[in-house]
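Going by the working numbering, the letters in the sequence shown line up with residues 60 to 207, in that order.
Don't be surprised by glycine CBs; every beta carbon is placed ideally from N, CA and C.
The model shown is predicted, which means the values in this text are computed figures rather than measured ones.
Reading through the structure tokens given below for one structure.
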Amino acid sequence: MTKNQNKKLTASGLKSLESNLNERKTIFVYGGQFAVTISVVFRESMIENVLKAYLSILNELQEHGEGDEDLIRGSLGIFNTLVLREFTDLPIPKSNDLNRLITVTNTLLDTGIMKEVYDAISPQQLLKIEEKLKSVQSNFDQVVKTIE
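Written as structure tokens, this is what we have:
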């Protein structure tokens, strides 16, 4: 009978674990003209960065009276762009300037680059984002019900 050996986590062990999370791959898009580097593993902390940026944009829309339903529905494309901003080296502005993000989103969609990059991302990694988004939505709905 083999005993399960427990090891103490060391700084070098933690660094090794982190390096496994930093794996990247390169794909070529737009007929092979452009190289795009993609994270292989979507880190939980980076997924949270995407959600924070998205919620910040939605809050800004609401606060400035620009929060009409059509614009909010249209922000789904922006969410996808925020995912690409966090997990690729595509030239997406780091600021959450809505007009710039809409322009970049439309360009990525219209050129087919967004689809090409998303097709190259592991479905398991996209599922992580979807599950986290559902969790945030569920928590948000509960807070709204409490307020009402």
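Counting only residues of its own chain and dropping the five nearest sequence neighbours on each side, Glu-82 has a CB closer than 7 Å to the CB of Val-99 and Val-100. The residue among Val-142, Gln-64, Asn-79 and Ser-154 with its C-alpha nearest the C-alpha of Ile-188 is Val-142. Counting other Cβ atoms within 10 Å of its Cβ, Glu-122 stays below 16 and is therefore classed as exposed.
Our two residues, Ala-179 and Ile-86, have alpha carbons roughly 8 Å apart in a direct line. In the same chain as Asn-108, and ignoring 5 residues on each side of it, the C-beta atoms closer than 8 Å to its own belong to Glu-145, in chain order. Nearest in C-alpha terms to Ile-172, of all of Glu-103, Gly-136, Leu-68 and Leu-117, is Gly-136. Here DSSP, grouped into helix, strand and coil, assigns Val-142 to helix. The beta carbons of Thr-147 and Thr-164 sit no closer together than 7 Å. Beta-bridge partners assigned by DSSP to Thr-147: Ile-97. By the beta-carbon neighbour count (other beta carbons within 10 angstroms, threshold 16), Tyr-113 is buried.
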